[in-house]
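Colleague:
In my numbering, the protein residues as written are 340 to 774.
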């Protein structure tokens, strides 16, 4: 039997799809890429925006048109957050959410045996445990992604994720370290700790993220640890000092921002001000004592009530911090969130205009950061081969580079000297291979 997966959304979704693919493979299925005929089509959905829901529905409908006899599955955040709407999507033979993912295999087998349509969306409940879905390889990556936490306890005005993902629940440290050891044995040298609310790790189990990172760094064979998104207000002085002391931790911090305007942050119900955010950036730089660090973030344009002056303040804040990269999004109005009914909703065309304008401003900031790095040295994890000797990859600071590294292979770590940015990547000069 052939199964095809389609994944939308964040790195957590990608990690969960990898786990599902391996579960199906262990039970006799062959995973095929999108576009090839299959007996089973599974979409792991994202519902952060309306556009994500539309893409999920469109893909399922296309799958049914191509192969009316195939079993189709809608899983992930969309059905979990909007169970009634998802249940009405008749192009999906199986509709399930973010709980009991292992049951997908059993339900698919029932449908292949002739069972009638199944809707199995279980609501999240307090006290539920982390669902173990181990991954032992990543087909399209030279770095490994490990899911360490699920859920979010915050109630930001724009966000549907607490409804889609439920309360915070942390994976056991022993399970994380066991999987990390297996991945290191398989040749992975960089690991990305992914989560829905990464700084919340351990708040439900009596430990913390800093302790986890210190223990991950002790796993033999792992040379680099990278972190997912961090909420700046959840970082403590002690925690920042401990992070800076872990040599294997890549000094690139994705600090969630959402807006660089204080009045917008208040309406968003984000628990920090721009001044507090800047103070966290300053404290991280101070903790690294002259060693280079980089910052990336996300920012929303066109939140209800955002004036032109608010928008300009947000753009100016990006310049003040000096982000290496900013993911810019127009605000997506989500039913079921407080902001859905906020007054002063902004027209879609204006949101798109602001998004484009902010993206251009963020690109200018990025160019200045990259220019400042020209001539510096860093280490690169070689990823995609462009030719027999040329590879693309990322430095510890998350600078995208292209480098000629004769005698090396994907997955190797090499030391380079950074050159100029060509519009896509920084050209880098090969210095030596790290043993």
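Just so it is clear, CB atoms sit at the ideal spot from N, CA and C, and this is done for glycine as well.
Report the option in 656, 657, 641 whose CA atom is closest to the CA atom of residue 688.
Modeller: 641
Colleague: My assumption, with CB atoms under 8 Å, is that residue 414 sits in contact with residue 436. Please give the rounded CB distance.
Modeller: Going by Cβ atoms, the distance from residue 414 to residue 436 rounds to 7 Å, so yes, they are a contact pair.
Colleague: Indicate whether the contact test is met: 3 or more Cβ pairs, each with one atom in the region 475–494 and one in the region 538–548, closer than 8 Å.
Modeller: Verdict: yes, contact present.
Colleague: Confirm the yes/no value for this check: CB of residue 430, any heavy atom of the ligand MN, distance under 7 Å.
Modeller: This structure does not include the ligand MN; it has no bound ligands of any sort.
Colleague: Does residue 697 pass the burial test, meaning 16 or more other C-beta atoms within 10 Å, or should it be called exposed?
Modeller: Its Cβ being crowded by 16 or more others within 10 Å, residue 697 is buried.
Colleague: Residue 660: which of 624, 511, 515 sits nearest, CA to CA?
Modeller: It is 624 whose Cα lies nearest to the Cα of residue 660.
Colleague: Please confirm whether residue 357 and residue 530 have their CB atoms less than 8 Å apart.
Modeller: no
Colleague: Answer with buried or exposed for residue 714, where buried requires no fewer than 16 other C-beta atoms within 10 angstroms of its C-beta.
Modeller: Label assigned to residue 714: exposed.
Colleague: If distances are taken between C-alpha atoms only, which option among 501, 690, 464, 409 comes closest to residue 452?
Modeller: Out of 501, 690, 464, 409, 409 has the C-alpha closest to the C-alpha of residue 452.
Colleague: Going along the chain, which residues of its own chain have a beta-carbon closer than 7 Å to the beta-carbon of residue 503, five neighbours each way excluded?
Modeller: 386, 416, 419, 420, 437
Colleague: Over what stretch of residues does the beta strand (DSSP E) that includes residue 724 continue unbroken?
Modeller: Here the beta strand (DSSP E) through residue 724 covers 716–724.
Colleague: Here's the rule: buried if 16 or more other CB atoms are within 10 angstroms of the residue's CB, otherwise exposed. What is residue 606?
Modeller: buried
Colleague: Going by DSSP, what residue range makes up the alpha helix (DSSP H) through residue 341?
Modeller: Looking at the DSSP string, residue 341 is not in any alpha helix (DSSP H); the run it does join, the beta strand (DSSP E), is 341–346.
Colleague: From the DSSP output, read off the bridge partner residues of residue 393.
Modeller: None, per the DSSP bridge assignment.
Colleague: From the DSSP output, in three-state form, read off residue 422 for me.
Modeller: Three-state result, residue 422: helix.
Colleague: Within 10 Å of its beta-carbon, does residue 732 have 16 or more other beta-carbons around it, so buried, or fewer, so exposed?
Modeller: In this structure residue 732 is buried. Its beta-carbon is surrounded by 16 or more other beta-carbon atoms within 10 angstroms.
Colleague: Give the DSSP-derived three-state secondary structure of residue 497 in the structure shown.
Modeller: coil
Colleague: Using the DSSP secondary-structure output, state which residues sit across from residue 597 in a beta bridge.
Modeller: Beta-bridge pairing links residue 597 to 638.
Colleague: With a CB to CB cut of under 7 Å and the five nearest residues on each side skipped, what residues in its chain are close to residue 461?
Modeller: Exclusion of the five residues before and after residue 461 leaves 436, 438, 439 as the residues of its chain whose Cβ lies within less than 7 Å of its Cβ.
Colleague: Taking only runs that begin and end inside the region 560–620, name each unbroken beta strand (DSSP E) of 3 or more residues, in chain order.
Modeller: For the region 560–620, whole beta strand (DSSP E) runs of length 3 or above, ordered along the chain, are 563–566, 591–594.
Colleague: Where do the ends of the beta strand (DSSP E) carrying residue 544 lie?
Modeller: First-last for residue 544: undefined, no H or E at that position.
Colleague: Applying the criterion that 16 or more other CB atoms from any shown protein chain within 10 Å of the CB defines a buried residue, is residue 678 buried or exposed?
Modeller: It counts as buried.
Colleague: Which two residues bound the contiguous beta strand (DSSP E) that contains residue 383?
Modeller: 379–384
Colleague: Let's test the definition: count the other Cβ atoms within 10 Å of the Cβ of residue 744 and tell me whether it reaches 16, buried, or not, exposed.
Modeller: Counting Cβ neighbours within 10 Å, residue 744 comes out buried, since at least 16 surround it.
Colleague: Let me know if residue 576 comes out buried or exposed under the rule of 16 or more other beta-carbons within 10 Å of its beta-carbon.
Modeller: Under this definition residue 576 is an exposed residue.
Colleague: Thinking C-beta only, is residue 373 closer than 8 Å to residue 345?
Modeller: In this structure, residue 373 lies closer than 8 Å to residue 345 by Cβ.
Colleague: Is residue 565 closer than 8 Å to residue 589 when the C-beta atoms are compared?
Modeller: yes
Colleague: Pick out whichever of 522, 441, 593 has its Cα sitting closest to the Cα of residue 293.
Modeller: Residue coverage of the chain in this structure runs from 340 to 774, which leaves residue 293 outside it and unanswerable.
Colleague: Residue 749: which of 725, 736, 766 sits nearest, CA to CA?
Modeller: 725
Colleague: Extract the residue ranges of the beta strand (DSSP E) inside the region 433–495, only unbroken runs of 3 or more that lie entirely within it.
Modeller: Secondary structure in the region 433–495: the beta strand (DSSP E) runs of 3 residues or longer, each lying completely within the stretch, are 433–435, 457–459, 483–489 in chain order.
Colleague: Give me the Cα-Cα distance between residue 752 and residue 391, rounded to the nearest whole angstrom.
Modeller: 35 Å
Colleague: Report buried or exposed for residue 389, applying the criterion of at least 16 other Cβ atoms within 10 angstroms of its Cβ.
Modeller: exposed
Colleague: Does DSSP put residue 628 in a helix, in a strand, or in coil?
Modeller: coil
Colleague: With DSSP as the reference, label residue 535 as helix, strand or coil.
Modeller: coil
Colleague: Residue 350 lies in the alpha helix (DSSP H); which residues open and close that run?
Modeller: 350–365 is the extent of the alpha helix (DSSP H) around residue 350.
Colleague: Quick check: the region 392–402 against the region 365–372, are at least 3 beta-carbon pairs closer than 8 Å?
Modeller: Flag = no, the region 365–372 and the region 392–402 do not touch.
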